[in-house]
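FYI, in the working numbering the residues of the sequence shown are 26 to 126. Below is one structure, written out as C-alpha coordinates, with a few remarks after it.
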Amino acid sequence: MSRFAACFEDLPDPRGRNARHPLTSILFIAVAAIVCGAESCTDMADFGVAKKKWLKTIVPLPYGIPSHDTFSTVFRHLDPDAFDAAFAVSRRALRRVSKGW
(Lines of atoms letter the chains of each structure in order from A and count residues from 1; the text may use other names and numbers.)
(Lines give C-alpha, C1' and ligand atoms only; values in the text may rest on other atoms or scores of the structure.)
Protein backbone atom coordinates (compact mmCIF):
# COMPACT_ATOMS: atom_id res chain seq x y z
CA MET A 1 0.00 0.00 0.00
CA SER A 2 2.82 2.43 0.74
CA ARG A 3 3.91 2.45 -2.92
CA PHE A 4 0.34 3.00 -4.05
CA ALA A 5 -0.22 5.72 -1.45
CA ALA A 6 3.00 7.45 -2.44
CA CYS A 7 1.71 7.80 -6.00
CA PHE A 8 -1.31 9.72 -4.73
CA GLU A 9 0.29 11.72 -1.91
CA ASP A 10 0.18 14.99 -3.86
CA LEU A 11 -3.41 14.49 -5.02
CA PRO A 12 -5.55 17.13 -3.29
CA ASP A 13 -8.31 15.62 -1.15
CA PRO A 14 -11.49 17.46 -2.17
CA ARG A 15 -13.28 16.60 1.07
CA GLY A 16 -13.48 18.73 4.17
CA ARG A 17 -11.60 18.24 7.41
CA ASN A 18 -14.31 15.91 8.69
CA ALA A 19 -13.52 13.19 6.13
CA ARG A 20 -13.56 9.82 7.88
CA HIS A 21 -11.89 7.55 5.35
CA PRO A 22 -8.30 8.06 4.14
CA LEU A 23 -8.30 9.16 0.50
CA THR A 24 -5.70 6.54 -0.42
CA SER A 25 -7.88 3.79 1.08
CA ILE A 26 -10.84 4.94 -1.03
CA LEU A 27 -8.71 5.06 -4.17
CA PHE A 28 -7.12 1.65 -3.52
CA ILE A 29 -10.52 0.00 -3.01
CA ALA A 30 -11.88 1.71 -6.12
CA VAL A 31 -8.96 0.64 -8.32
CA ALA A 32 -9.04 -2.94 -7.00
CA ALA A 33 -12.80 -3.08 -7.53
CA ILE A 34 -12.53 -1.77 -11.09
CA VAL A 35 -9.81 -4.30 -11.91
CA CYS A 36 -12.26 -6.95 -10.69
CA GLY A 37 -15.10 -5.65 -12.87
CA ALA A 38 -16.80 -2.93 -10.82
CA GLU A 39 -18.66 -0.39 -12.94
CA SER A 40 -20.21 1.91 -10.35
CA CYS A 41 -19.72 3.38 -6.91
CA THR A 42 -22.22 0.85 -5.57
CA ASP A 43 -20.07 -1.93 -7.06
CA MET A 44 -17.00 -0.43 -5.35
CA ALA A 45 -18.73 -0.38 -1.96
CA ASP A 46 -20.04 -3.93 -2.48
CA PHE A 47 -16.54 -5.09 -3.43
CA GLY A 48 -15.20 -3.48 -0.26
CA VAL A 49 -17.75 -5.27 1.91
CA ALA A 50 -17.05 -8.61 0.22
CA LYS A 51 -13.26 -8.21 0.51
CA LYS A 52 -13.13 -6.37 3.85
CA LYS A 53 -10.99 -8.96 5.62
CA TRP A 54 -8.36 -8.83 2.86
CA LEU A 55 -8.54 -5.05 2.48
CA LYS A 56 -7.95 -4.55 6.22
CA THR A 57 -4.53 -6.17 5.76
CA ILE A 58 -3.60 -3.62 3.08
CA VAL A 59 -5.29 -0.27 3.76
CA PRO A 60 -6.35 1.57 6.89
CA LEU A 61 -10.10 1.25 7.42
CA PRO A 62 -10.68 3.12 10.70
CA TYR A 63 -14.42 3.42 10.02
CA GLY A 64 -14.95 0.30 7.93
CA ILE A 65 -15.69 0.26 4.22
CA PRO A 66 -16.68 3.58 2.63
CA SER A 67 -20.27 3.78 1.40
CA HIS A 68 -21.24 4.16 -2.24
CA ASP A 69 -22.06 7.79 -1.40
CA THR A 70 -18.49 8.34 -0.21
CA PHE A 71 -17.03 6.89 -3.42
CA SER A 72 -19.43 9.04 -5.44
CA THR A 73 -18.58 12.22 -3.53
CA VAL A 74 -14.84 11.66 -3.87
CA PHE A 75 -14.94 10.94 -7.60
CA ARG A 76 -17.33 13.82 -8.34
CA HIS A 77 -15.01 16.30 -6.65
CA LEU A 78 -11.53 15.02 -7.49
CA ASP A 79 -9.57 17.20 -9.89
CA PRO A 80 -9.59 15.00 -13.03
CA ASP A 81 -6.22 16.22 -14.31
CA ALA A 82 -4.54 15.75 -10.93
CA PHE A 83 -6.07 12.27 -10.59
CA ASP A 84 -4.97 11.32 -14.11
CA ALA A 85 -1.41 12.42 -13.36
CA ALA A 86 -1.32 10.49 -10.07
CA PHE A 87 -2.85 7.41 -11.68
CA ALA A 88 -0.22 7.54 -14.43
CA VAL A 89 2.47 7.52 -11.75
CA SER A 90 0.84 4.47 -10.13
CA ARG A 91 0.71 2.63 -13.48
CA ARG A 92 4.42 3.30 -14.09
CA ALA A 93 5.22 2.09 -10.56
CA LEU A 94 3.20 -1.08 -11.14
CA ARG A 95 5.04 -1.73 -14.40
CA ARG A 96 8.40 -1.40 -12.63
CA VAL A 97 7.32 -3.77 -9.86
CA SER A 98 5.82 -6.34 -12.24
CA LYS A 99 8.72 -6.56 -14.70
CA GLY A 100 9.98 -10.10 -14.97
CA TRP A 101 6.71 -11.81 -14.13
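For glycine and all other residues, C-beta sits at the position ideal for the given N, C-alpha and C.
When rounded, the separation of the alpha-carbon atoms in residue 41 and residue 32 is 21 Å. Per DSSP, the continuous alpha helix (DSSP H) segment holding residue 101 begins and ends at 93 to 102. DSSP places residue 53 in the uninterrupted alpha helix (DSSP H) bounded by 48 to 60. Assignment of residue 37 by DSSP, reduced to helix, strand and coil, places it in the coil class.
The beta carbon of residue 49 lies closer than 6 Å to those of 30, 33 in the same chain, with the five residues before and after it left out.
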